[in-house]
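Here the structure comes first, spelled out in structure tokens, and everything after it is commentary.
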Amino acid sequence: MVTEAHAEPVRARRHISEYVMPAVGLALVALVVVWLAINLADDPARFFRVSLIGLSQGALYALVALGYTLVYGILELINFAHGDVFMIGGMVTASIVLQVFNMEENPAFGILMAAFLVSLVLSVVGCAGLNATIERAAYKPLRNAPRLAPLITAIGVSFILQNVAILWKGTRPVSLPVSEFAQGSGHHLFTIGTCPSCVQYTSDRLFILLVTVPVLLVLLWLVRYTRQGKAMRATAQDKDAAAMMGIDVDRTISFTFIVAGALAGVGGTIFAFYASTISYSTGFTLGLFAFTAAVLGGIGNLPGAVLGAVLIGLIQAWNEGLPWHTPGPAWTQSIVFSILILILVFRPQGLLGERTPEGS
Amino acid sequence: MAFWRRQSLFVRRLVPAALITILFVALAAADEVQWAGAGVLVAIADVLLLWKPVRDGFWPSVERVGVKDAHSRWGEQSPFVQRAVPPVVIAVLVILVAWAAGVSPDPAVIVLLLITYVLYLLPRRIRRIALPLTVLALVVVYPLLIQQANYQRFLFKVPIFDVFPGMDTMIAMIIFAMMAVGLNMVVGYAGLLDLGYVAFFALGAYAAGWVASPLFYQVDVRFGAVGVGPGLRGIHISIWAALLIAAVIAAVAGVIIGFPTLRLRGDYLAIVTLGFGEILPQIARNGDANGLGFNLTNGPPGINPIDPPGFGNWADEHLGLPANFVLEQGQFVNFRSLIYWGAIGLLLITVFCSIRLRDSRLGRAWIAIREDEVAAAAMGVPLMRTKTWAYASGAFFGGVAGAWFAVDIASVFPDQFFFNISVFILSMVILGGMGNVWGVIAGAFFLTYLDREGLSNISGWANGHLLNCDPSQQNPSSVISGGCVNAPLVSFGIYGLIIVLVMLFRPYGMFPERRRKVEFETGVHDTPLVDVTQ
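Protein sequences appear in the order of chains H and F.
Numbering follows our numbering, with no gaps: position 229 of the first sequence is 229.
Our numbering runs 1000 ahead of the 1-based position in the second sequence.
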């Protein structure tokens, strides 16, 4: 007689802590949402105004965050020096604007555009070359070393770049001539409501988006639909297998660093025009914010990096601009790093999931 | 190069040594630095002689270049003579050269040379004990050497590096050495990269400020404090207890920070610690009534003054120990050497604990985790607990160092605790050799000296000798201006360069620990067992 085994589904016993962590995380998110809702109800116009600032800031972060995420995706290396490459791009821009164009305050639109385009090209080329050189000189010899060795080297490179900037420009911040267009004052594209409780969309914010969005689309196309992009994805998945399929792994890694450097160059130029001041330490903090954005979206994940960057930009703007119970600009850094820590503790794979050789 | 390699070993050793001789004597003559060049030269010659390849190569090469029977005759001499004669010969040669160059002897150089020579002649067994003891004795009497009556320094000047470091620099060197030894427990022993070590330094300093200053004027607590005026409210606890409290607070913070984050893989852990290292100083900057609603850190001006250290009146009367390190009968006296000796005592305790911990069950577990997490876990090493202990111990000594730092400058303010400092301490550990306590201390001494005095001395020397510098044209915020260099501005670039060069060419550091060196050379399996994606 055959006794039929009861096909009782085996349930994995879950420990109570496995419920606690997500619950705490969700509670934190809920708290932020409630806080935002109260602020929105309090002063809707201000909320939207602040959010628009955050969006532009986020677009800028996205350019840098993509560089982190590209490099991490392929080498699993946190390229600490990336933020400083961005800063060097800004310095190149500042030099060109001040020394080549001799730009004065409120230049004519044509001169502004010419200066912007020339410095954009030179900054992109310079940063791409710089990033590729760094990779060849500092990271490539350590490809088979213990995992932390290239990370430590990257920190060293970051310090070297900052001090190159000091050597070049001194410790004081470099100021660019203020132009109404690039700072957005007086150039309102549209206005909703009556001021002061109005939402204005200014030229500079549109300008940032006009530059960054095409760049991001080109990057996505490059990675998704070109041969070189395919090689990058293959190298990221498995270097040895990629090499066996005839992919030149070293060249692909160099190409990745070139792309990342170019993005940082675009970011640096935009930042220099938008903020109109840049100092040797700008890149470090901004780079860490961008790295947080990359982790927030899921490192190695390109749309994730953009999403994370926009979120970080928005959070920064909300923190610095909203009226009701905001900690204020003095705490921005702490808040961003708290997000970094919380996301690593509660959801280390990020919002959209991690795409690294280990993570996928 | 081929020509160079064709020359005999003897020539290849002799030429660089001769070049160094000429260089230093020339420098000594040009600088009018009394005898320093000759002293440094003898030290170098001694090192060259002590160096085994030179000793082994010297006599066969003499034979090869034509001095017949040199080796056999030399070999007949007793080992003592074989050791004793060459340094004397070289010293005599150098003295002759220096005499010809017209520089006169300095007693300090002669004394140091004699000490070196005696140490060199001692049998190895005794030397192993005598060498550290001599170094320690020199370090302990250093304040007396540097500051005699009339502020006349007993110690000579060194070419390029100029004078020996002053008291403030020495105290900073020892405090940073303490921190480097603490960080070495985390990075060197357990292999966890900590980029936010400055947080523990800051926490220790602030903890000392909380329990030994008039900050919390709402309460009036006293426990064994010295040198606190009768009307001064606030918490005043004896500095020695405050050190312990600071260390425990830092260690608890280490556990709190470490517990949720230590399961992350190495590079994520580094970033999280960096985040903490940035957050804590910002809390310190904003932690006054405006930012926090409660005056925890007194914001940018910081906590000032912190009570002076001392042993109190009872110990003064009965044991002869100093009652107060800073004030004497209400008068301000500069007892920097007492703070210096206190720092040395704390460093010795730190080193002792560090070495004992390394050899303990816990320390062996750290090294096992560093080498192979999977194997360590399989052998029953509890990963999380062991890592957390590494973190807590590192934080403990960072806290002590921070507290003594606060006591040293009698205040604590937030601008001292930037990310730079974390990397600064990390570069000490990397330069010295991860895992090797003595190497790490050497790295800390060297880098802190460079930071505080060395770089400005060297750039001052370069400005005076190599460059046509015009100080009136110099711009303080740029590195090269008016023909002058201002190297301290790019000090962190120099540390960055040191980190990169060491990682590329000598990843196990200048004084490698044997085990760590093997790990770097043969590679270890360092894929983490517990990963974020689980």
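Just so it is clear, CB atoms sit at the ideal spot from N, CA and C, and this is done for glycine as well.
Looking at C-alpha atoms only, which residue of F:F1223, F:I1283, F:I1494 and F:P1305 is the closest neighbour of H:I155?
Sequence index remark: in the first sequence, residue 155 of chain H carries index 155 (1-based). For the residues F:F1223, F:I1283, F:I1494 and F:P1305, the minimum Cα distance to H:I155 belongs to F:I1494.
From F:G1312 to F:I1146, what does the alpha carbon distance come to, in whole angstroms?
Working through the second sequence from its first residue, we reach residue 1312 of chain F at position 312. Working through the second sequence from its first residue, we reach residue 1146 of chain F at position 146. If I take the Cα positions, the gap works out to 28 Å.
Kindly indicate which residue of F:G1258, F:L1347 and F:F1276 has the alpha-carbon position closest to the one of F:I1441.
Here residue 1441 of chain F refers to the residue found at position 441 of the second sequence. Taking only the C-alpha atoms, the option nearest F:I1441 is F:L1347.
Looking at C-beta atoms only, is the number of pairs between the segment 157-167 of chain H and the segment 1502-1519 of chain F that lie closer than 8 Å three or more?
no
For chain H, find out if any of its Cβ atoms is closer than 8 Å to the Cβ of F:T1388; answer yes or no.
Here residue 1388 of chain F corresponds to residue number 388 of the second sequence, with the count starting at 1. F:T1388 does not count as touching chain H.
Check whether the Cβ of H:I299 sits closer than 7 Å to any heavy atom of the ligand GDP, and report yes or no.
Within the structure as shown, the ligand GDP is missing, as the structure has no ligands at all.
Does F:D1220 come out as helix, strand or coil in the three-state DSSP assignment?
Counted from its first residue, the second sequence places residue 1220 of chain F at position 220. Looking at F:D1220 - three-state DSSP - the assignment turns out to be strand.
Which residues of chain F have a Cβ atom closer than 7 Å to the Cβ of H:F159, listed in chain order?
Residue numbering aside, residue 159 of chain H sits at position 159 when the first sequence is read from its first letter. Close to H:F159, with beta-carbon spacing below 7 Å, are these residues of chain F in chain order: V1423, F1492, G1493, Y1495 and G1496.
Taking the alpha helix (DSSP H) that H:G73 belongs to, which residues open and close that run?
The sequence position of residue 73 of chain H within the first sequence is 73, counting from 1. It spans P44 to L75 - the alpha helix (DSSP H) in which H:G73 sits, taken as one unbroken run.
Pull out every residue of the segment 322-347 of chain H whose Cβ sits closer than 7 Å to any Cβ of chain F, in chain order.
A330, W331, Q333, S334, F337, S338, L340, I341, L344 and V345
Is the shortest distance between the beta-carbon of F:L1489 and the beta-carbons of chain H less than 8 Å?
On the second sequence, position 489 is the one that residue 1489 of chain F refers to. Yes, F:L1489 lies at the interface with chain H (some Cβ there is under 8 Å from its Cβ).
Once you ignore the five residues that flank F:D1408 on each side, which residues in its own chain have a CB closer than 6 Å to its CB?
Here residue 1408 of chain F refers to the residue found at position 408 of the second sequence. Here the set comprises I1171 and I1339.
Of all the CB atoms in chain F, is at least one closer than 8 Å to the CB of H:L167?
Numbered from 1 along the first sequence, position 167 holds the residue referred to as residue 167 of chain H. Residue contact check for H:L167 against chain F: a CB pair falls below 8 Å.
Over what stretch of residues does the beta strand (DSSP E) that includes F:I1235 continue unbroken?
Within the second sequence, numbered from 1, the residue matching residue 1235 of chain F stands at position 235. Note, F:I1235: beta strand (DSSP E), G1234 to I1237.
Would you say F:M1434 and F:G1231 are within 8 Å of each other, going by their C-beta atoms?
Taking the first residue of the second sequence as position 1, residue 1434 of chain F is located at position 434. Taking the first residue of the second sequence as position 1, residue 1231 of chain F is located at position 231. No. Outside cutoff.
Verify the CB distance criterion: does H:N163 have a CB-CB separation below 8 Å to chain F?
Taking the first residue of the first sequence as 1, we reach residue 163 of chain H at position 163. Yes, H:N163 counts as interfacial toward chain F.
Are three or more beta carbon pairs between the segment 1471-1482 of chain F and the segment 121-141 of chain H nearer than 8 Å?
no
Mind pulling the chain F residues with CB within less than 9 Å of H:G54?
Residue numbering aside, residue 54 of chain H sits at position 54 when the first sequence is read from its first letter. Per Cβ cutoff of 9 Å: no residues; H:G54 is ~21 Å from chain F at best.
Looking only at its own chain, which residues have a Cβ that is under 7 Å from the Cβ of F:A1242, when we skip the five neighbours before and after it?
As a first step, residue 1242 of chain F is located in the second sequence; it is residue number 242 there, counting from the start. Result list for F:A1242: A1208, V1211, A1212 and A1403, in chain order.
What are the partner residues of H:T174, as DSSP defines its beta bridges?
By 1-based counting over the first sequence, the position of residue 174 of chain H is 174. In the sequence on display, residue 174 of chain H carries Val and not Thr. As computed with DSSP, H:V174 is found in a beta bridge with H:I278.
If distances are taken between C-alpha atoms only, which option among H:P329, H:V310 and H:L311 comes closest to H:N319?
Along the first sequence, read from residue 1 onward, the residue named residue 319 of chain H stands at position 319. Selected option, being the one with the closest Cα: H:P329.
Just by C-beta distance, which residues in the segment 136-152 of chain H are closer than 9 Å to chain F?
A137, A138, P141, L142, N144, A145, P146, R147, L148, A149, P150, L151 and I152
Starting from the C-beta of F:L1274, find all residues in its chain whose C-beta is less than 8 Å away, skip the five residues before and the five after it, and write them out in chain order.
Numbered from its first residue, the second sequence carries residue 1274 of chain F at position 274. Cβ within range, chain order: L1195, G1196, F1419 and S1422.
Between H:D84, H:I312 and H:T326, which lies nearest to H:I343 when the distance is taken from Cα to Cα?
Position 343 of the first sequence holds residue 343 of chain H. Comparing Cα-Cα distances from H:I343 to each of H:D84, H:I312 and H:T326, the minimum goes to H:I312.
What does DSSP give as the partner residue(s) for F:V1485 in the beta ladder?
Counting from 1 along the second sequence, the entry for residue 1485 of chain F is found at position 485. Paired residues: F:I1480.
Relative to the alpha-carbon of H:P141, which residue among F:R1385, F:M1503, F:N1463 and F:K1517 has its alpha-carbon at the smallest distance?
As a working mapping, residue 141 of chain H is identified with position 141 in the first sequence. Measuring from the Cα of H:P141, the nearest candidate turns out to be F:M1503.
With the cut-off set at 8 Å, would you say H:L130 and H:I88 are in Cβ contact?
Locating residue 130 of chain H in the first sequence gives position 130, where the first residue counts as 1. Locating residue 88 of chain H in the first sequence gives position 88, where the first residue counts as 1. Yes, they are a contact pair.
Can you list, in chain order, the residues of its chain whose CB lies under 7 Å from that of H:A317, leaving out five sequence neighbours each side?
Indexing the first sequence from 1 puts residue 317 of chain H at position 317. Hits under 7 Å: V50, S51, I53, G54 and Q57.
For F:N1150, count neighbouring Cβ atoms within 10 angstroms of its own Cβ and tell me buried if that reaches 16, exposed if not.
Along the second sequence, read from residue 1 onward, the residue named residue 1150 of chain F stands at position 150. Confidence at F:N1150 is low in this model, with a pLDDT of 48, below 50, so its placement is unreliable and the value that follows should be read with caution. Exposed, because fewer than 16 other Cβ atoms sit within 10 Å of the Cβ of F:N1150.
I'd like the span of the alpha helix (DSSP H) that includes F:V1423, first residue to last.
Looking up residue 1423 of chain F in the second sequence gives position 423. That run of the alpha helix (DSSP H) goes F1419 to G1432.
Report the CB separation of H:G300 from H:L351 in whole angstroms; it is logged as a contact under 8 Å.
Counting from one through the first sequence, the residue named residue 300 of chain H turns up at place 300. Counting from one through the first sequence, the residue named residue 351 of chain H turns up at place 351. So it is not a contact: roughly 13 Å between Cβ atoms.
So, does the CB of F:T1261 fall closer than 8 Å to a CB anywhere in chain H?
Translated into the one-based positions of the second sequence, residue 1261 of chain F becomes position 261. Chain H, which has a Cβ nearer than 8 Å to the Cβ of F:T1261, makes this yes.
Which whole-angstrom value describes the C-beta separation of H:P327 and H:N39, a residue pair presumed to lie in contact below a C-beta threshold of 8 Å?
The residue given as residue 327 of chain H occupies position 327 in the first sequence. The residue given as residue 39 of chain H occupies position 39 in the first sequence. Wrong, their Cβ atoms sit about 13 Å apart, outside the cutoff.
Could you spell out where the alpha helix (DSSP H) holding F:D1307 opens and where it closes?
On the second sequence, residue 1307 of chain F is found 307 positions in, with the first residue counted as 1. That residue, F:D1307, is in no alpha helix (DSSP H); it is neither H nor E in DSSP.
With 7 Å as the limit, tell me which residues of the segment 69-80 of chain H have their beta carbon closer than that to any beta carbon of chain F; keep them in chain order.
I78
Ignore the nearest five residues each way along the sequence and tell me which others in H:V336's own chain have a CB closer than 8 Å to its CB.
Within the first sequence, the letter at position 336 stands for residue 336 of chain H. Around H:V336: L288, F289, T292, I312, I315 and Q316.
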